[in-house]
Each structure stands twice: as structure tokens, then as C-alpha cells.
Amino acid sequence: MSRLELKNITKKFDNKIILDNINLVVEEGEMVSLLGPSGCGKTTTLKIITGLIYPDNGDVLLNNKSVLAVPVEKRETVIVFQDYLLFPHMTVEENIGFGLKMAKVDKKVRDKKVKEMINLVRLNGHEKKYPRELSGGQKQRVALARAIAVEPKVLLLDEPFSNLDGRLRENMREFVCELQKQLKITTILVTHDREEALMTSDKVAVMLEGKIRQFGSPEEIYKKPATKDVADFFGEKNYIKGTIENNIFKSRIGNFKTTFNKFSKGKAMIRPEEIEIFSKDVDTGLLGKIKKKKFAGDRMYYNILINDVEIKCITKFNKNYNVGDMVSVKIDFNDAVFFKEE
Numbered sequence: 001m002s003r004l005e006l007k008n009i010t011k012k013f014d015n016k017i018i019l020d021n022i023n024l025v026v027e028e029g030e031m032v033s034l035l036g037p038s039g040c041g042k043t044t045t046l047k048i049i050t051g052l053i054y055p056d057n058g059d060v061l062l063n064n065k066s067v068l069a070v071p072v073e074k075r076e077t078v079i080v081f082q083d084y085l086l087f088p089h090m091t092v093e094e095n096i097g098f099g100l101k102m103a104k105v106d107k108k109v110r111d112k113k114v115k116e117m118i119n120l121v122r123l124n125g126h127e128k129k130y131p132r133e134l135s136g137g138q139k140q141r142v143a144l145a146r147a148i149a150v151e152p153k154v155l156l157l158d159e160p161f162s163n164l165d166g167r168l169r170e171n172m173r174e175f176v177c178e179l180q181k182q183l184k185i186t187t188i189l190v191t192h193d194r195e196e197a198l199m200t201s202d203k204v205a206v207m208l209e210g211k212i213r214q215f216g217s218p219e220e221i222y223k224k225p226a227t228k229d230v231a232d233f234f235g236e237k238n239y240i241k242g243t244i245e246n247n248i249f250k251s252r253i254g255n256f257k258t259t260f261n262k263f264s265k266g267k268a269m270i271r272p273e274e275i276e277i278f279s280k281d282v283d284t285g286l287l288g289k290i291k292k293k294k295f296a297g298d299r300m301y302y303n304i305l306i307n308d309v310e311i312k313c314i315t316k317f318n319k320n321y322n323v324g325d326m327v328s329v330k331i332d333f334n335d336a337v338f339f340k341e342e
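Sequential numbering of the sequence shown, starting at 1, is according to the UniProt record's numbering.
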């Protein structure tokens, strides 16, 4: 197992800043997601870690030792790209053993390792097949097995599930997580998929415009975003404008107690699933009118009008109200995240 650290990494292409002072620590055996939209610098970061690109400034440390001067083939980091890059003229077992062959590993040792990898990624019976004969999920398993076979200290996964659809995507996500935990290999997963990052990772680094805006646990990133742009990146939310005075948040929908007191004017961010609704005869001190509703299987999405302020709410399907219904609304502003008015 290995500890990976990026220190003050910067990179420009054609005078455009791609990475702006990136600092990141991935502890031994952790799975960390590098999450952000296309073009924010995620893949460039992976290429710098593995040595395919050299940074303009900063350092890459593996177990507290700089590896910037270490060539790609000796850096003990491997990257699996989203299109797998399997050799079409090689069989499954030949593809898996390629890195070992390049490292001049003895054939008997190599064959034994390849067999272990085939068992590990559950490709028994597919050893003699060529990539064109495999499904997308099977190709991905071959690419993973080839990467893991050389026993890297760090595994880098670049959008590994983007070419897969539906249930296969979910199955491969679960498989990779199980494999990573079993091998206890230090791993960075690059993804633009918020749900994927939250479900697979020990920690998440949110990257926007070449900077890591926040780094923390999935729960912390989602529930307590450090900046408004991080909050905006994570889908549905409510912003309620107001002022804070003596631990009271005053807004157009009402006045509420809060423990927050760092500034006096701003916006409270509340996730839709943190808002509760009840029949109008339940006294919550807050009444609203259902303006819109959407059915989504086991959930209902509501837009509720409270004193001319429209808020979004997500509830379980067993709470089923109709457009035009008056409902009681419960909002706990101690769960809110406050952003200063710009």
C-alpha cells in the first residue's frame, strides 16, 4: 500500500491555466474520487501522477518521496482509460500479461499471475477470446486485470464506467469497489458523475476550473458544501435569501432559529430531501401550496409556494399530495448551509 500526495501542482497549456495550485493527499488504501465537469483538469491530474505529463510547478510524492524524476515505466502507478485501450490482436490472457511481459517477468511466473488475475476479475472461460468477442463490462475487467497484474502502488481510473449503460454500469461500479477494498490499493477515480463519486469513495475532491474547491467525505461534500459553486454542482437545492440576527434567520417565508452567526446577510441552502411536508392540519408553523408535482418511482418531487417563495421538496411516494393542496412544511435551518450574499 502507498500514500500519494500532490503538492502545489500547476499546469498551463498555451498560456491557459489547466491546474491551479492543486494539493491532494490520498492515504494508503483509500479510494478518492476526483469529481468535476469535463475540462476542469481531472485527466491532466492523472497524467501528471503517472508521469505522462510534467507539471510546470509542484511535486508528486509517493510514500513521502518525490517521483517527478522517475520515468513512467518505473513509477509504479498505472492508469486505466475509459476506452480500455486493449490490444485487438491479443487474447484476454495476452492482454492481461502484457505489462508483465514488458517487465521481463519469467514466463512461468507470468502465466501464474495471469491465471490469478483471470480468477480475480471473474473471466474464467474467456482466456482465449479477443476483445471484439467481449462485452463492455468484460473489456473493462480485462483492462483492470492488466493494470493490477503489475502490482502498482497507485491505481488511476479515468471515467471507467462512462462507456457502460444502466445495470451494467451499476454492477461494474460495485465490482470495482469490492476489488479495490479487497486489494487495499490506493486509488483515484476520475468522474463527472456525482452519484458515482458519492457511492464509491472514501473521500471526494471536487474540482472546478482547475482548482480543488473542497476535499472531504461524501457526506460532508454533499451536506456541507464549502462554497456555492460546490453546492450548485450537486443538483437540486433551495436557496432562501434572508438576514441573520441574534441566531434568528429572517426570510420571506418566515423567521427561524439557527446556530449560524458568522455574517448577517446571505442565502440559506437547503436540500429538497431535508424539507418535510405534512397534511395541513399538522401544526408546523408554516403553510404552503403545492404548485407542481412529479412522480419518480419511490419518490415524489414537489414545488411548494410559501409566501410567494417557491421551494423544492423530495419525499417518499407514501406522501402523495395534489397540485393546489395546502400542506404544512417543516424546515430545520440548523441543517442549512449559509452563503454570504455576493
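The C-beta atom is built at its ideal place from N, Cα and C for all residues, glycine as well.
Where the alpha helix (DSSP H) containing residue i begins and where it ends
i	result
residue 223	218-223
residue 167	166-183
residue 119	107-120
residue 197	194-200
residue 148	136-149
Three-state class that DSSP yields for residue i in the structure shown
i	result
residue 254	strand
residue 95	helix
residue 276	strand
residue 191	strand
residue 52	coil
residue 128	coil
residue 319	coil
residue 43	helix
residue 72	helix
residue 24	strand
residue 34	strand
residue 237	coil
residue 159	coil
residue 245	strand
residue 101	helix
CA-to-CA distance, residue j to residue i, given in whole angstroms
i	j	result
residue 260	residue 168	44 Å
residue 235	residue 271	9 Å
residue 62	residue 191	23 Å
residue 117	residue 181	16 Å
residue 216	residue 31	12 Å
residue 38	residue 199	20 Å
residue 177	residue 143	15 Å
residue 304	residue 219	26 Å
residue 312	residue 239	10 Å
residue 121	residue 179	8 Å
residue 258	residue 275	15 Å
residue 315	residue 302	8 Å
residue 119	residue 140	15 Å
residue 125	residue 138	12 Å
residue 96	residue 6	29 Å
residue 25	residue 254	43 Å
residue 74	residue 68	11 Å
residue 277	residue 130	56 Å
residue 27	residue 262	33 Å
residue 233	residue 214	12 Å
residue 102	residue 228	48 Å
residue 155	residue 264	46 Å
residue 326	residue 296	21 Å
Closest by C-alpha distance to residue i, when choosing among the options
i	options	result
residue 184	88, 202 and 79	202
residue 15	56, 24 and 46	56
residue 245	239, 73, 252 and 256	256
residue 268	341, 78 and 317	341
residue 298	286, 318, 287 and 305	318
residue 42	68, 266, 222 and 9	9
residue 280	254, 27, 324 and 301	324
residue 210	19, 102 and 130	19
residue 206	7, 35 and 27	35
residue 12	40, 3 and 25	40
residue 351	152, 105, 104 and 282	As shown, the chain starts at 1 and ends at 342. That puts residue 351 outside it, with no answer to give.
residue 339	224, 273, 134 and 107	224
residue 166	136, 147 and 146	136
residue 231	132, 294, 194 and 251	194
Residue i: first and last residue of the uninterrupted beta strand (DSSP E) it sits in
i	result
residue 313	309-316
residue 231	From DSSP, residue 231 is part of no beta strand (DSSP E) but of the alpha helix (DSSP H) over 228-233.
residue 259	Where residue 259 is concerned, there is no enclosing beta strand (DSSP E), given that its DSSP letter is neither H nor E.
residue 296	287-296
residue 68	No beta strand (DSSP E) contains residue 68, which DSSP labels as neither H nor E.
residue 87	From DSSP, residue 87 is part of no beta strand (DSSP E); its letter is neither H nor E.
residue 78	77-80
residue 58	57-62
residue 5	4-13
residue 331	No beta strand (DSSP E) contains residue 331, which DSSP labels as neither H nor E.
residue 123	Here residue 123 belongs to no beta strand (DSSP E), and DSSP marks it neither H nor E.
residue 206	203-208
residue 299	299-306
Closer than 7 Å: residue i CB and nearest the ligand ADP heavy atom
i	result
residue 25	Looking for the ligand ADP in the displayed structure turns up nothing, as the structure carries no ligands at all.
**Stretch pair the region 162-176 + the region 87-99: three plus CB contacts closer than 8 Å** = no
(Q) Taking 8 Å as the cut-off, does the region 110-126 touch the region 42-51 (at least 3 CB pairs, one atom from each stretch)? (A) no
ask   = Is the region 322-331 touching the region 272-288 in the sense that three or more CB pairs, one from each, lie closer than 8 Å?
value = yes
Pairing CB atoms from the region 147-166 with CB atoms from the region 76-84, are three or more of them under 8 Å?
yes
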